[in-house]
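Mapping the sequence shown onto numbering that gives the first Met the number 0, position 336 (from 1) lands on 335, and the numbers just tick up by one. Note that CB positions come from ideal geometry on N, CA and C, so glycine has one too. The next block holds one structure in the form of C-alpha cells; read it before the comments.
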Amino acid sequence: MSKGKTFLTKHAKSSAALVSLGIHAVLVIVALSFVAVTVITKSDNKFEAKPVKRPKMQLKKLQVPVNIKKKKMQKPRLRKRIVVQPKVASMPDIKMPEITGVKGGMGSAGAGGLGGAGSLGFTMPEVELFGIKGKGEKVFIILDSTPWMMYDELGGIPAYTLIKEELVRILGELKPTVLFNVAVYGQGSGTHVLFPGLAPANAANIAKVDEWLKPLNAVAAGGYGTHTLGAGSDRLEENLAVEPLANLNHWSEPLMYAMKHRADTVFLLSNGWGHIFTEKAPAEAWSASKMAKYKEIEKKAMEKLAEENKERKANGQPERVLVGGSVINTYFPGTEHPPQAELYWYTPKEIAQSCVNLRKVNSTDLPKKSGLSSRNRKIRDLFAFNVIQFVPESGGQEEARFKELSGMLDGEYRSLPGLKAIESYLKTESGKSTK
Numbered sequence: 000m001s002k003g004k005t006f007l008t009k010h011a012k013s014s015a016a017l018v019s020l021g022i023h024a025v026l027v028i029v030a031l032s033f034v035a036v037t038v039i040t041k042s043d044n045k046f047e048a049k050p051v052k053r054p055k056m057q058l059k060k061l062q063v064p065v066n067i068k069k070k071k072m073q074k075p076r077l078r079k080r081i082v083v084q085p086k087v088a089s090m091p092d093i094k095m096p097e098i099t100g101v102k103g104g105m106g107s108a109g110a111g112g113l114g115g116a117g118s119l120g121f122t123m124p125e126v127e128l129f130g131i132k133g134k135g136e137k138v139f140i141i142l143d144s145t146p147w148m149m150y151d152e153l154g155g156i157p158a159y160t161l162i163k164e165e166l167v168r169i170l171g172e173l174k175p176t177v178l179f180n181v182a183v184y185g186q187g188s189g190t191h192v193l194f195p196g197l198a199p200a201n202a203a204n205i206a207k208v209d210e211w212l213k214p215l216n217a218v219a220a221g222g223y224g225t226h227t228l229g230a231g232s233d234r235l236e237e238n239l240a241v242e243p244l245a246n247l248n249h250w251s252e253p254l255m256y257a258m259k260h261r262a263d264t265v266f267l268l269s270n271g272w273g274h275i276f277t278e279k280a281p282a283e284a285w286s287a288s289k290m291a292k293y294k295e296i297e298k299k300a301m302e303k304l305a306e307e308n309k310e311r312k313a314n315g316q317p318e319r320v321l322v323g324g325s326v327i328n329t330y331f332p333g334t335e336h337p338p339q340a341e342l343y344w345y346t347p348k349e350i351a352q353s354c355v356n357l358r359k360v361n362s363t364d365l366p367k368k369s370g371l372s373s374r375n376r377k378i379r380d381l382f383a384f385n386v387i388q389f390v391p392e393s394g395g396q397e398e399a400r401f402k403e404l405s406g407m408l409d410g411e412y413r414s415l416p417g418l419k420a421i422e423s424y425l426k427t428e429s430g431k432s433t434k
C-alpha cells in the first residue's frame, strides 16, 4: 500500500514558484551590486588666485671693505767696506738733442695738429731773419711790396734792395729738407705766392726766389708793386677768411694762406699794420667843386715829384717813392682831403683767433695722438708768427699792435729804423759769417 504523499508532492506547484522567485531575487541583487560598486574618482580642487602687484625692492650691492696692507720692505743693511778709488776713464763730450720748451700763447693752443718734430723734444731746423730766430720744418715768408716800404724815411729803394738780398741769403742757408714758400702782397694788387703750397729749400728753388724778387720794386717811374715781380708766381684767388675776420687785406691774406698749409714759422717783413680792416659805412659825399680843387692840387704835387726824381736821377740817386695823399702832404701840407669811409680795424686778438680757427679746419688729415709716447699724449699744434717792422728813424706806428699779435702767436717782434739800422745789422751778420 502506498504511503501518503509528501509535502513537496502535495505542494509541487508552490515549490516551483518559490524557486523561481529565489532565482529572480538573486539576479536582482546581482544587478544592484553592479551599480553599487561603481567607483567615482574625485578630482582635486584647484584655486586660481588673482594677480597682486607688489613693489619690487632694489637690491643694494654689497660692498666689502678690503684693507690692503702694504708689505714693509726691509732695507738692506749697509756694510762698510774699504775700497780703492777707481780710475775713471775720460769720455768725450756727447751733445744730446736740445729739448725745446713751448710758450704759452695761442700758437700752442692744441687743435689736434702737428707742428713738426719739435713737439717730440728734438732740435728743429732753425732760421734767423733780421735778428729773430725761428724753428720749424715749414717756413713761410711774407714780404710787403707796397710803396710805403720804399719811402725815404725807411731808407728808400736801397734799403728795400738790401732786404730782398738778405731774404734770399737766409733762405739759401736752409736745409733741403725744410719746406718753405714766399708771398708778396701789394697795394690793391693782392697777394702773389711763388710756389703752390710749400716747396723744399733746395738750390733750384732758392734760385727761383732770387730771379722772382730781383725785379721787384727795382723802380722805374711808378714801377713798384706785385706787377714788377719776375715770372713764375700765381695770384692768390682763394678766399681764406674765417671768423672773426670777414675779409682779408694786405698781409692778413698771405698769413691765412700760411695757416692753411700749417707753417711752423711765419715771418712778416712790413712797414706797418696796413689795411687790416672792414668798411662799416661808406664815405660822405664831397662837393664837386672841392673835388675839382683837390684833383688840381694832386696834379701839381705829382709834377713836383717828377721834377725831384729827374734831379735825383741826374745826380745818380734813386728815385723817391710817394703815393696817394702822401704826395700832396709832402708838397702841399695842410691840404684838405676827401672824407673817408667809416672803418673797423681788426684787433690782434681777432686775427690770432682766425689763425687758430683756420688751422683747426685743416687739421683733419693729421693724427690726433702720437704713437711715439708710452702715454700716447696728444700732439700740440705749434707755430710762431714773427714780425720785422721797418720804420722811420724817428720811430714807427702800430708797434704795440704788432707786439701783441706776435706775442699771442708765440713769435717775436723787432723794428729796424731806417737804412742805417739795416746796414748795421747786415754788417754784424757779415762779421759773424767770416769768423
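Going by DSSP, Glu-165 is part of the alpha helix (DSSP H) stretching over 155-171. Rounded to whole angstroms, the gap between the alpha carbons of Leu-342 and Phe-276 is 6 Å. DSSP places Ile-296 in the uninterrupted alpha helix (DSSP H) bounded by 287-313. Under the Cβ criterion (8 Å, minimum of three pairs), the stretch 142-149 counts as touching the stretch 319-334. The beta carbon of Asn-270 is closer than 8 Å to those of Asp-143, Thr-145, Trp-147, Met-148, Tyr-150, Leu-153, Gln-388, Phe-389, Val-390 and Gly-395 in its chain, skipping five residues each way along the sequence. Ranking Tyr-184, Arg-168, Val-177 and Pro-337 by CA distance to the CA of Val-208 puts Arg-168 first. DSSP places Ser-325 in no beta strand (DSSP E) but in the uninterrupted alpha helix (DSSP H) bounded by 324-330. Nearest C-alpha to Tyr-330 among Lys-174, Ala-300, His-191 and Thr-227: Ala-300. In the DSSP assignment, Lys-213 falls outside any alpha helix (DSSP H) and carries neither an H nor an E. Of all alpha-carbon atoms in Lys-298, Leu-178, Ala-158 and Pro-214, the one lying nearest the alpha-carbon of Ala-202 is that of Leu-178.
In the structure shown, Ala-383 adopts extended strand secondary structure according to DSSP, grouped into three states.
Going by C-alpha positions, Ser-325 is about 11 Å away from Thr-334. When Asn-314, Ile-327, Ser-423 and Ile-350 are compared, the shortest CA-CA separation from Lys-292 is found for Ile-327. Taking 7 Å as the cut-off, the Cβ atoms of Glu-210 and Gly-229 count as close. In the DSSP assignment, Ser-269 falls outside any alpha helix (DSSP H) and within the unbroken beta strand (DSSP E) covering 264-269. CA-to-CA, the gap between Gly-133 and Ala-282 works out to about 42 Å.
Pairwise C-beta distances place the stretch 352-360 in contact with the stretch 236-248, as three or more of them are shorter than 8 Å. If you compare the alpha carbons of Ala-217, Gln-186 and His-191 with that of Glu-164, the shortest gap goes to Ala-217. Judged by DSSP secondary structure, Ser-144 falls outside any alpha helix (DSSP H); it is assigned neither H nor E. For Lys-134, the enclosing beta strand (DSSP E) stretches over residues 131-134. Within its own chain, the residues whose Cβ lies closer than 7 Å to the Cβ of His-274, once the five positions on either side in sequence are excluded, are Asn-248 and His-249, listed in chain order. For Val-192, the number of other beta carbons within 10 angstroms of its own is at least 16, and it is reported as buried.
Around the beta carbon of Ala-340, fewer than 16 other beta carbons sit within 10 angstroms, so the residue counts as exposed. Taken through DSSP and simplified to helix, strand or coil, Asp-409 comes out as coil. Around the beta carbon of Ile-421, a 10 Å sphere encloses 16 or more other beta carbons of the protein chains shown; the residue is thus reported as buried. Relative to the Cα of Asn-385, the nearest Cα in the group Val-265, Glu-307, Asn-361 and Ala-287 belongs to Val-265. For Tyr-150, there is no enclosing beta strand (DSSP E), as DSSP marks it with neither H nor E. The C-alpha of Met-258 lies about 42 Å from the C-alpha of Lys-298.
When secondary structure is reduced to three states using DSSP, Ser-251 falls in the helix class. Taking every protein chain shown into account, the CB of Lys-431 has fewer than 16 other CB atoms within 10 angstroms, so this residue is exposed. Our two residues, Lys-294 and Ala-305, have alpha carbons roughly 17 Å apart in a direct line. The closest CA to that of Met-290, considering only Glu-307, His-336, Met-123 and Pro-332, is found on His-336. With distances taken between CA atoms, Lys-213 lies nearest to Ile-156 out of Gly-187, Asn-361, Ala-16 and Ile-156. Looking at the DSSP output, Asn-180 bridges to Phe-139. When secondary structure is reduced to three states using DSSP, Thr-225 falls in the helix class.
Ranking Arg-311, Tyr-345, Asp-233 and Asn-361 by CA distance to the CA of Ala-262 puts Asn-361 first.
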